[in-house]
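In terms of the UniProt record's numbering, the sequence shown is residues 1 to 402.
Worksheet for the structure shown next.
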Amino acid sequence: MAALIPKNTFAVAKRQSICATGVAVQVCYYSDTPRIIKNPTTASLKRGTGGRSSYNGITCTIFGNTGFLGRYVINRLGKIGTQLILPTRGDMYDSMPYKVAGDLGQILFHPFDLRDEESIRRCVKYSNVVINLIGRDWETKNFTFNDVHIEGARTLARIAKESGVERFIHVSSAGANPNPTPMLLKNGSQFMKTKWYGEQAVKEEFPEATIVRPGTIFGQEDRFFKCFGHSWRTLFQSIPIWKKGEATEKQPLWAGDVAAGITALVNDPNTIGKTYQFLGPKRYKLSEIVDYLFRIMRKTPDLGFARTDVETSYFFQLKVTINEKISPAWPMAYLHWEGLEKEATSDKYVKGMPGLEDLGVNPIEMETQADWEMFLHKSNRHYKESLGEFDKPALPKTIPIF
Numbered sequence: 001m002a003a004l005i006p007k008n009t010f011a012v013a014k015r016q017s018i019c020a021t022g023v024a025v026q027v028c029y030y031s032d033t034p035r036i037i038k039n040p041t042t043a044s045l046k047r048g049t050g051g052r053s054s055y056n057g058i059t060c061t062i063f064g065n066t067g068f069l070g071r072y073v074i075n076r077l078g079k080i081g082t083q084l085i086l087p088t089r090g091d092m093y094d095s096m097p098y099k100v101a102g103d104l105g106q107i108l109f110h111p112f113d114l115r116d117e118e119s120i121r122r123c124v125k126y127s128n129v130v131i132n133l134i135g136r137d138w139e140t141k142n143f144t145f146n147d148v149h150i151e152g153a154r155t156l157a158r159i160a161k162e163s164g165v166e167r168f169i170h171v172s173s174a175g176a177n178p179n180p181t182p183m184l185l186k187n188g189s190q191f192m193k194t195k196w197y198g199e200q201a202v203k204e205e206f207p208e209a210t211i212v213r214p215g216t217i218f219g220q221e222d223r224f225f226k227c228f229g230h231s232w233r234t235l236f237q238s239i240p241i242w243k244k245g246e247a248t249e250k251q252p253l254w255a256g257d258v259a260a261g262i263t264a265l266v267n268d269p270n271t272i273g274k275t276y277q278f279l280g281p282k283r284y285k286l287s288e289i290v291d292y293l294f295r296i297m298r299k300t301p302d303l304g305f306a307r308t309d310v311e312t313s314y315f316f317q318l319k320v321t322i323n324e325k326i327s328p329a330w331p332m333a334y335l336h337w338e339g340l341e342k343e344a345t346s347d348k349y350v351k352g353m354p355g356l357e358d359l360g361v362n363p364i365e366m367e368t369q370a371d372w373e374m375f376l377h378k379s380n381r382h383y384k385e386s387l388g389e390f391d392k393p394a395l396p397k398t399i400p401i402f
């Protein structure tokens with residue numbers, strides 16, 4: 001007996017019937033491509049009419065759930081009735097707030113360590129979907145980029161395959177490249193390089209894996225907008241950027257849209273084995289983005305704020321180096337050389353590669369969210385201005401998406 005559930009993330013079943021062959025078929029409003037649950041049990045069959053208080057037949061383990069993207073993905077999957085297993089490595093209270101993302105008993109926690117294979121097996125034992133969000137923006141004494149992005153991803157994919165997991169979704173990077181172009185670092189971004197080899201490792205162990213390549217992501221507690229808003233990033237009211245931001249191009253994407261895309265992948269069996277690029281709807285020069293954010297924060301050139309070239313800002317270079325030495329485990333304001341190298345790397349757009357639009361997700365524009373995200377970084381934000389007292393910040397100029 002095989003159970004089938006709707007393809008589309010937001011599709012709701014009209015009815016469930018038993019055909020002559022004894023197969024349970026659920027008919028959807030606008031999706032006729034079902035997803036087959038292998039070896040169904042009474043625990044794995046879909047229950048309810050859809051929504052948070054139902055069970056959609058998917059048990060999903062999310063590794064890296066305490067990171068930036070984790071909360072968005074958990075919330076999206078929880079509200080459509082997905083049972084979630086959240087492996088935790090650090091303090092248990094880091095994951096506890098996610099308990100309310102799903103109905104009672106649907107959000108479960110389990111301790112694990114990336115080097116402890118037995119703990120990983122226990123985390124994926126009952127799952128039919130595994131999502132790997134694990135990644136590091138800088139290396140620590142415990143985990144290098146190779147440990148996390150390559151060997152860690154390989155281990156998760158291998159164990160998921162051995163455990164009979166049906167779907168493996170691996171989140172990489174739009175800039176993944178085996179030979180990244182050096183910007184500030186002599187050998188280029190090791191983050192981008194290891195992300196590329198991590199993709200290859202996952203494909204070797206789990207050929208049917210779905211790869212996601214997101215570009216620059218913004219949202220609550222991100223490492224893009226918030227970096228430019230932090231006072232530690234500036235130097236004497238100037239903000240040093242590689243080539244003043246004129247040689248870097250970005251397509252900022254809201255984290256909620258990334259989560260919506262991943263949710264659509266989980267529900268669509270036609271995405272198996274494919275690679276997707278998740279990019280924002282508009283492309284800008286980094287200089288335009290930074291100027292726009294500074295206009296929102298009311299830190300304008302007439303007040304002394306300006307962009308400078310990081311390659312000629314020697315005091316700033318010293319500041320970055322000292323910052324790395326003082327707090328290697330968690331650099332203040334995320335100010336470190338690998339981060340600056342990643343920031344200077346343009347978001348790579350691959351013509352013909354499927355993206356969010358192919359999954360039915362229409363990403364929002366950066367301008368609709370930027371003012372909200374940068375509110376806490378505004379100059380004199382305690383001052384409550386009158387309606388219309390300040391001019392609305394001029395929007396950034398876009399460039400063609402080639």
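Heads up, the beta-carbon is just placed ideally off N, CA and C, and yes, glycines get one too.
- As DSSP reads the structure, residue 86 sits in a beta bridge with 109.
- By the Cβ rule, the segment 174 to 186 does not count as touching the segment 132 to 146, because fewer than three pairs are nearer than 8 Å.
- Per DSSP, the continuous beta strand (DSSP E) segment holding residue 131 begins and ends at 129 to 132.
- In the structure shown, the three-state DSSP call for residue 301 is helix.
- Residue 253 places its beta carbon less than 7 Å from that of residue 215.
- The C-beta distance from residue 251 to residue 347 rounds to 5 Å, short enough to meet the 8 Å contact threshold.
- For residue 266, the enclosing alpha helix (DSSP H) stretches over residues 255 to 267.
- Residue 98 has its alpha-carbon roughly 9 Å from the corresponding atom of residue 65.
- Assigned with DSSP and collapsed to three states, residue 391 falls in coil, not helix or strand.
- For residue 74, the uninterrupted alpha helix (DSSP H) run begins and ends at 70 to 78, by DSSP.
- Judged by DSSP in its simplified three-state form, residue 103 adopts coil rather than helix or strand.
- Cβ-Cβ separation between residue 87 and residue 123: approximately 5 Å, consistent with a contact (criterion under 8 Å).
- Here the alpha carbon of residue 288 sits roughly 24 Å from the alpha carbon of residue 192.
- Taken through DSSP and simplified to helix, strand or coil, residue 342 comes out as helix.
- Between the alpha carbons of residue 155 and residue 371 lies a distance of about 41 Å.
- Excluding residues up to 5 positions away in sequence, 114, 134 lie with their Cβ nearer than 7 Å to the Cβ of residue 152 in the same chain.
- Where residue 155 is concerned, the enclosing alpha helix (DSSP H) starts and stops at 153 to 162.
- Under the three-pair Cβ rule at 8 Å, the segment 337 to 346 does not count as touching the segment 230 to 239.
- Distance from the CA of residue 327 to the CA of residue 50, rounded to the nearest whole angstrom, comes to 47 Å.
- Its Cα nearest to that of residue 162, the residue 127 stands out among 190, 173, 127.
- Non-local C-beta neighbours of residue 297 in its own chain, meaning closer than 7 Å and more than five positions away in sequence, comprise 229, 374, 377, 378, 379, ordered along the chain.
- In this structure, residue 280 places its C-beta atom within 7 Å of the C-beta atom of residue 363.
- For residue 370, the enclosing alpha helix (DSSP H) covers residues 367 to 373.
- At a Cβ-Cβ threshold of 7 Å, residue 336 and residue 138 count as neighbours.
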